[in-house]
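In the numbering used here, the protein residues as written are 6 to 239.
To start, the structure under review is shown below, and the notes come after it.
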């Protein structure tokens with residue numbers, strides 16, 4: 006079985022994707038269509054995909070794969086004989102052509118993950134940007150942060166477009182499963198009970214939720230300024 010998750014930043018995609026890979030014990034490929042990974046991170050010997058994670062990928066090392074390489078990688082993934090789980094944000098696949106979603110939906114157990122609240126997702130994105138903690142795997146305390154219009158607003162506008170487009174995809178394509186971030190409990194035995202728990206030979210720490218949505222509101226010290234700019238954007 007091939008599982009592919011389509012989502013957008015701050016929707017819980019790492020938790021969702023990794024939990025399904027953990028429960029089914031298929032090969033986890035992460036953000037396999039992200040251009041930040043060099044094409045050699047994914048190989049296809051004997052028509053089976055293998056993943057070779059770099060120890061660290063710096064933010065300034067992005068765009069290591071071309072659009073042509075990523076499209077070819079997707080074709081190889083879809084024709085591979087072994088089972089795997091991959092994921093991509095809309096920002097990763099928007100440049101790959103009009104048919105990429107069709108390919109994913111037609112050839113995988115395709116999952117759509119979205120988040121209802123613009124405000125909560127944007128605050129989460131600002132906190133992650135300022136703390137540089139994008140996928141927390143242990144509980145930690147966050148320090149208060151400030152919204153900076155010049156720094157954050159361009160990214161926020163893109164996030165809002167992505168969230169709108171995610172919801173539209175649910176009406177356009179027949180995904181195998183649609184998840185909403187707000188329904189997650191943080192316990193994969195509850196959230197993904199429909200995916201049978203296989204014999205656990207490979208285990209890892211799943212991402213954790215460090216603070217409630219209410220507490221995130223309190224972490225952003227100039228919330229009203231952010232809300233005003235969001236209102237003028239949507």
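Virtual Cβ for every residue (Gly too), placed ideally from N, Cα, C.
So if DSSP puts residue i in a beta bridge, which residue, or which two residues, is it bridged to?
i: residue 89; result: 7, 32
i: residue 12; result: 94
i: residue 184; result: 118
i: residue 225; result: 150
i: residue 163; result: Answer is none; residue 163 lacks a bridge partner.
i: residue 49; result: 54
Taking all protein chains shown into account, do 16 or more other C-beta atoms lie within 10 angstroms of the C-beta of residue i, making it buried, or fewer, making it exposed?
i: residue 175; result: exposed
i: residue 28; result: buried
i: residue 7; result: buried
i: residue 59; result: exposed
i: residue 92; result: buried
i: residue 105; result: buried
i: residue 191; result: exposed
i: residue 195; result: exposed
i: residue 172; result: exposed
i: residue 129; result: buried
i: residue 94; result: buried
State yes or no: is the beta carbon of residue i nearer than 9 Å to at least one beta carbon in chain B?
i: residue 201; result: The structure shown contains no chain B; it holds only a single protein chain.
Which residue from the options puts its Cα closest to that of residue i?
i: residue 238; options: 137, 227, 161, 84; result: 161
i: residue 155; options: 133, 25, 128, 234; result: 234
i: residue 69; options: 168, 37, 213, 192; result: 37
i: residue 72; options: 48, 92, 39, 54; result: 39
i: residue 151; options: 171, 125, 227; result: 227
i: residue 209; options: 231, 16, 143, 196; result: 143
i: residue 187; options: 126, 137, 230; result: 126
i: residue 14; options: 53, 26, 132; result: 132
i: residue 10; options: 84, 74, 113, 165; result: 113
i: residue 111; options: 42, 56, 84; result: 84
i: residue 134; options: 166, 157, 43, 98; result: 157
i: residue 96; options: 167, 183, 236; result: 167
i: residue 170; options: 99, 181, 115; result: 99
i: residue 124; options: 165, 178, 205, 185; result: 165
i: residue 19; options: 189, 136, 204; result: 189
Write down the C-beta distance between residue i and residue j rounded to the nearest angstrom, noting that I regard them as a contact closer than 8 Å.
i: residue 81; j: residue 101; result: The Cβ separation is near 14 Å, so there is no contact.
i: residue 215; j: residue 141; result: 5 Å
i: residue 211; j: residue 23; result: 6 Å
For the ligand FAD, is there a heavy atom less than 8 Å away from the beta-carbon of residue i?
i: residue 139; result: This structure lacks the ligand FAD, and indeed carries no ligand of any kind.
Count the CB pairs spanning the stretch 81 to 91 and the stretch 29 to 48 that are closer than 8 Å, and state whether there are at least three.
yes
Please confirm if the stretch 214 to 224 is in contact with the stretch 138 to 153, defined as three or more CB-CB distances below 8 Å between the two stretches.
yes
Answer yes if the stretch 195 to 207 comes into contact with the stretch 117 to 126, meaning at least three C-beta pairs across the two stretches below 8 Å, and no otherwise.
no
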